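>
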Amino acid sequence: MIVGIPKEIKNNESRVGMTPAGVFELVKNNHTVYVQSTAGEGSGFFNKDYQQAGAVILDTIAEVYAKSEMIVKVKEPIAEEYDLIQEGQLLFTYFHFASSEPLTKAMIKQKAICIAYETVEDDEGTLPLLTPMSEVAGRMAIQQGAKYLEKPVKGRGVLLGGVPGVAPGRVLVLGAGVVGIQAAKMAAGLGAHVTIMDINMKRLRYANDVMPPHVVTEFSNEYNIRKHIKSHDLIIGGVLLKGAKAPNLITRDMLKEMRPGTVIVDVAVDQGGCVETTKPTTHEDPIYIIDDVVHYSVANMPGAVPYTSTVALTNVTLPYALKLANLGWKEACEKDASLKKGLNIVSGKVVYEEIIEAFGWEEAFA
Ligand SMILES: NC(=O)c1ccc[n+]([C@@H]2O[C@H](COP(=O)([O-])OP(=O)(O)OC[C@H]3O[C@@H](n4cnc5c(N)ncnc54)[C@H](O)[C@@H]3O)[C@@H](O)[C@H]2O)c1
Numbered sequence: 174m175i176v177g178i179p180k181e182i183k184n185n186e187s188r189v190g191m192t193p194a195g196v197f198e199l200v201k202n203n204h205t206v207y208v209q210s211t212a213g214e215g216s217g218f219f220n221k222d223y224q225q226a227g228a229v230i231l232d233t234i235a236e237v238y239a240k241s242e243m244i245v246k247v248k249e250p251i252a253e254e255y256d257l258i259q260e261g262q263l264l265f266t267y268f269h270f271a272s273s274e275p276l277t278k279a280m281i282k283q284k285a286i287c288i289a290y291e292t293v294e295d296d297e298g299t300l301p302l303l304t305p306m307s308e309v310a311g312r313m314a315i316q317q318g319a320k321y322l323e324k325p326v327k328g329r330g331v332l333l334g335g336v337p338g339v340a341p342g343r344v345l346v347l348g349a350g351v352v353g354i355q356a357a358k359m360a361a362g363l364g365a366h367v368t369i370m371d372i373n374m375k376r377l378r379y380a381n382d383v384m385p386p387h388v389v390t391e392f393s394n395e396y397n398i399r400k401h402i403k404s405h406d407l408i409i410g411g412v413l414l415k416g417a418k419a420p421n422l423i424t425r426d427m428l429k430e431m432r433p434g435t436v437i438v439d440v441a442v443d444q445g446g447c448v449e450t451t452k453p454t455t456h457e458d459p460i461y462i463i464d465d466v467v468h469y470s471v472a473n474m475p476g477a478v479p480y481t482s483t484v485a486l487t488n489v490t491l492p493y494a495l496k497l498a499n500l501g502w503k504e505a506c507e508k509d510a511s512l513k514k515g516l517n518i519v520s521g522k523v524v525y526e527e528i529i530e531a532f533g534w535e536e537a538f539a
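As numbered in the working numbering, residues 174 to 539 make up the sequence shown, in order.
1) Using only the heavy atoms of ligand 1, determine whether one of them is closer than 8 Å to the beta carbon of residue 358.
2) So who's on the other strand from residue 522, going by DSSP bridges?
3) Can you name the start and end residues of the beta strand (DSSP E) that residue 382 belongs to?
4) Between the stretch 305-318 and the stretch 369-388, are three or more C-beta pairs nearer than 8 Å?
5) Can you tell me whether residue 343 is helix, strand or coil according to DSSP?
6) Going by the C-beta, is residue 370 closer than 8 Å to any heavy atom of ligand 1?
7) Report the partner residues of residue 209 according to the DSSP bridge assignment.
8) Comparing alpha-carbon positions, which option in 397, 194, 385 and 247 lies nearest residue 303?
9) Taking just the CA atoms, how far does residue 260 sit from residue 354?
10) Report, in whole angstroms, the separation of the C-beta atoms of residue 432 and residue 449, which I expect to be a contact under 8 Å.
11) Less than 9 Å separating the beta-carbons of residue 207 and residue 189?
12) Does the Cβ of residue 415 lie closer than 8 Å to at least one heavy atom of ligand 1?
13) Put residue 147 into one of helix, strand or coil per three-state DSSP.
14) Tell me which residues share the same chain as residue 369 and place their Cβ nearer than 7 Å to its Cβ, disregarding the 5 neighbours each side in the sequence.
15) Could you check how far apart the C-beta atoms of residue 422 and residue 412 are, in whole angstroms? I think they sit under 8 Å.
16) Residue ranges of each alpha helix (DSSP H) run of no fewer than 4 residues wholly in the stretch 232-295, ordered along the chain?
17) Less than 8 Å between the CB of residue 425 and some heavy atom of ligand 1, yes or no?
18) I'd like to confirm something about residue 193: is its beta-carbon nearer than 8 Å to some heavy atom of ligand 1, or not?
19) Taking 8 Å as the limit between beta carbons, can you name the residues of its chain near residue 525, skipping five residues before and five after?
20) Give a yes or no on whether the C-beta atoms belonging to residue 467 and residue 328 are separated by under 9 Å.
21) Label residue 182 either buried or exposed according to how many other C-beta atoms from any shown protein chain fall within 10 Å of its C-beta, with 16 as the threshold for buried.
22) Bridge partners of residue 468, per DSSP?
23) Would the C-beta of residue 306 count as close to ligand 1, meaning under 8 Å from any of its heavy atoms?
24) Could you tell me the alpha carbon to alpha carbon distance between residue 396 and residue 297, rounded to whole angstroms?
25) What number of angstroms, rounded off, separates the C-alpha of residue 479 from the C-alpha of residue 253?
26) Please name the residue or residues paired with residue 443 in a DSSP beta bridge.
27) Under the three-state reduction of DSSP, which class applies to residue 474: helix, strand or coil?
28) Is residue 279 near ligand 1 - that is, is its Cβ less than 8 Å away from at least one heavy atom of it?
29) So, at 6 Å on beta carbons, what are the nonlocal neighbours of residue 330 in its own chain, with the 5 sequence-adjacent residues on each side left out?
30) At which residues does the beta strand (DSSP E) containing residue 176 begin and terminate?
31) Tell me whether residue 376, by its Cβ, gets closer than 8 Å to a heavy atom of ligand 1.
32) Determine, using beta carbons only, whether residue 487 and residue 195 come nearer to each other than 9 Å.
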């Protein structure tokens, strides 16, 4: 198969759809790989690295789309890319169709085959192509939280690890899923006292089993949350209700209960946030303050660490990309039920029920 790796042109996106290691595997399997010049630079991979791995470098994005049967990307195509997509071309990337009707209609019009990373689902119902980004965001949440607890940026002036003779900072983690566990682990590693909450007892049992004794688990309910926000310095929002808006676990009135300089990192911002006062921010302007509480709610946290994020993402996408290249999308989806769940749009027809429901459409188009 001929595989194309275009440069991401969405604002502030420095990740790339494939590393030189991925190119090497595809070429080893007798596929041709075209990489757009400088596509990997933002992630620390240069043209010569791709060439050494066996890729052919093309100058423009138009050439990559025109010559490739399968496009492997990170973000959904943006408007400038729509017309570059050809009928029957296979696109393997994050799409998040339900949040964009124009994108969905554009892909229907182009008659592409769209396999969305975010809906590839394994036997246990987990989303293997979303997990690495949650791992990155969970770990980063503590790094960012620790920074914004510093006084010059309006934080409480607390060092999370404390020092001999001074108690460590306290971190409250809402949600013991992928984000929550990674955040708790990083905070514990810094020596902070950590309280992690969930409504799922299995997740709390797991956290209780694997975490050190200074990480305590507690059932998530309003009473317990109200109790802990008064004494914790850093609050991490890592809650997810599949397919729904995140619940508002921290309401506006609760901010007054917190001590001035408390920091909230609401990682769940991309699902609306689990804090009533959360609004999406960017890496250029990541925080805002309400009632003396610092809010950090960057919607694409992994974008700040493109090297780690690109490698983490491509580690999990490559086996699927290889399967698609080796077998073609039809046979690959027939043989692999996880990949089949990733099929969202096929030749002008929406095949993923939730997208049709999200827009209240009567039909899938054809
Ligand atoms: N901002 C970013 O850059 C970024 C990056 C990656 C992920 N995310 C987001 O982070 C959020 C968490 O992702 P995840 O992969 O950890 O999800 P996950 O499904 O692994 O974990 C979510 C957890 O929340 C728990 N939960 C549900 N309701 C709760 C409640 N009322 N109280 C406490 N816990 C509750 C669930 O039981 C589950 O354990 C998602 O919204 C995801 O989209 C954001």
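Positions of the beta carbon are idealized from the N, C-alpha and C atoms, including for glycine. Please read all numbers here as calculations on a predicted model, not as lab measurements.
Taking the structure as given:
1) Within the sequence shown, residue 358 is the residue found at index 185, counting from 1. Every heavy atom of ligand 1 is 8 Å or more from the Cβ of residue 358, so no.
2) In the sequence shown, counting from the first residue as 1, residue 522 sits at position 349. Looking at the DSSP assignment, residue 522 forms a beta bridge with 519.
3) One-based indexing of the sequence shown puts residue 382 at position 209. Here residue 382 belongs to no beta strand (DSSP E); instead the alpha helix (DSSP H) covers 374-383.
4) no
5) Translated into the one-based positions of the sequence shown, residue 343 becomes position 170. Strand at residue 343.
6) Position 197 of the sequence shown, counted from the start, is the residue given in the question as residue 370. Yes, the Cβ of residue 370 comes within 8 Å of a heavy atom of ligand 1.
7) Position 36 of the sequence shown holds residue 209. According to DSSP, residue 209 bridges with 231.
8) In the sequence shown, the residue the question calls residue 303 occupies position 130. Per the Cα distances, 247.
9) Counted from its first residue, the sequence shown places residue 354 at position 181. Counted from its first residue, the sequence shown places residue 260 at position 87. Distance between the alpha carbons of residue 354 and residue 260 is about 42 Å.
10) For the purposes of this step, residue 432 is taken as the residue at position 259 of the sequence shown. For the purposes of this step, residue 449 is taken as the residue at position 276 of the sequence shown. That pair is no contact at about 19 Å.
11) As a first step, residue 207 is located in the sequence shown; it is residue number 34 there, counting from the start. As a first step, residue 189 is located in the sequence shown; it is residue number 16 there, counting from the start. Result no, Cβ atoms of residue 207 and residue 189 do not sit closer than 9 Å.
12) For the purposes of this step, residue 415 is identified with residue 242 of the sequence shown, where counting begins at 1. Yes, the Cβ of residue 415 comes within 8 Å of a heavy atom of ligand 1.
13) Because the chain spans 174 through 539 in this model, residue 147 falls outside it and cannot be assessed.
14) As a working note, residue 369 is residue 196 in the sequence shown. Cβ neighbours of residue 369 beyond the five flanking positions: 346, 349, 353, 357, 380, 388 and 390.
15) Within the sequence shown, numbered from 1, the residue matching residue 422 stands at position 249. Within the sequence shown, numbered from 1, the residue matching residue 412 stands at position 239. Yes, residue 422 and residue 412 are in contact; Cβ-Cβ is about 6 Å, under 8 Å.
16) 234-240, 252-255 and 274-283
17) The residue given as residue 425 occupies position 252 in the sequence shown. Incorrect: residue 425 has no Cβ contact closer than 8 Å to ligand 1.
18) To locate residue 193, count along the sequence shown from 1; it is residue 20. No, the Cβ of residue 193 stays beyond 8 Å of every heavy atom of ligand 1.
19) Translated into positions along the sequence shown, residue 525 becomes position 352. Same-chain partners within the cutoff: 270, 289, 292, 516, 517 and 518.
20) Locating residue 467 in the sequence shown gives position 294, where the first residue counts as 1. Locating residue 328 in the sequence shown gives position 155, where the first residue counts as 1. In contact: residue 467 and residue 328 (Cβ atoms closer than 9 Å).
21) For this step, residue 182 is matched to residue 9 along the sequence shown. Residue 182 is exposed by the Cβ-count criterion.
22) Locating residue 468 in the sequence shown gives position 295, counting from the first residue. Residue 468 is bridged to 437 and 461.
23) Residue mapping note: residue 306 aligns to position 133 of the sequence shown, counting from 1. Checking every heavy atom of ligand 1 against the Cβ of residue 306, one is found closer than 8 Å.
24) The residue given as residue 396 occupies position 223 in the sequence shown. The residue given as residue 297 occupies position 124 in the sequence shown. Distance between the alpha carbons of residue 396 and residue 297 is about 32 Å.
25) Here residue 479 refers to the residue found at position 306 when the sequence shown is read from its first residue. Here residue 253 refers to the residue found at position 80 when the sequence shown is read from its first residue. Their Cα atoms are separated by approximately 23 Å.
26) Along the sequence shown, one-based indexing puts residue 443 at 270. Answer by DSSP bridge pairing: none, since residue 443 is not bridged.
27) Position 301 of the sequence shown, counted from the start, is the residue given in the question as residue 474. Three-state result, residue 474: helix.
28) In the sequence shown, residue 279 corresponds to position 106, counting from 1. The answer is no for residue 279.
29) As a first step, residue 330 is located in the sequence shown; it is residue number 157 there, counting from the start. Cβ within range, chain order: 324.
30) Against the sequence shown, residue 176 aligns to sequence position 3. From DSSP, the beta strand (DSSP E) with residue 176 extends over 175-178.
31) By 1-based counting over the sequence shown, the position of residue 376 is 203. Flag set: Cβ of residue 376 near ligand 1.
32) To locate residue 487, count along the sequence shown from 1; it is residue 314. To locate residue 195, count along the sequence shown from 1; it is residue 22. Yes, these two residues count as a Cβ contact at 9 Å.
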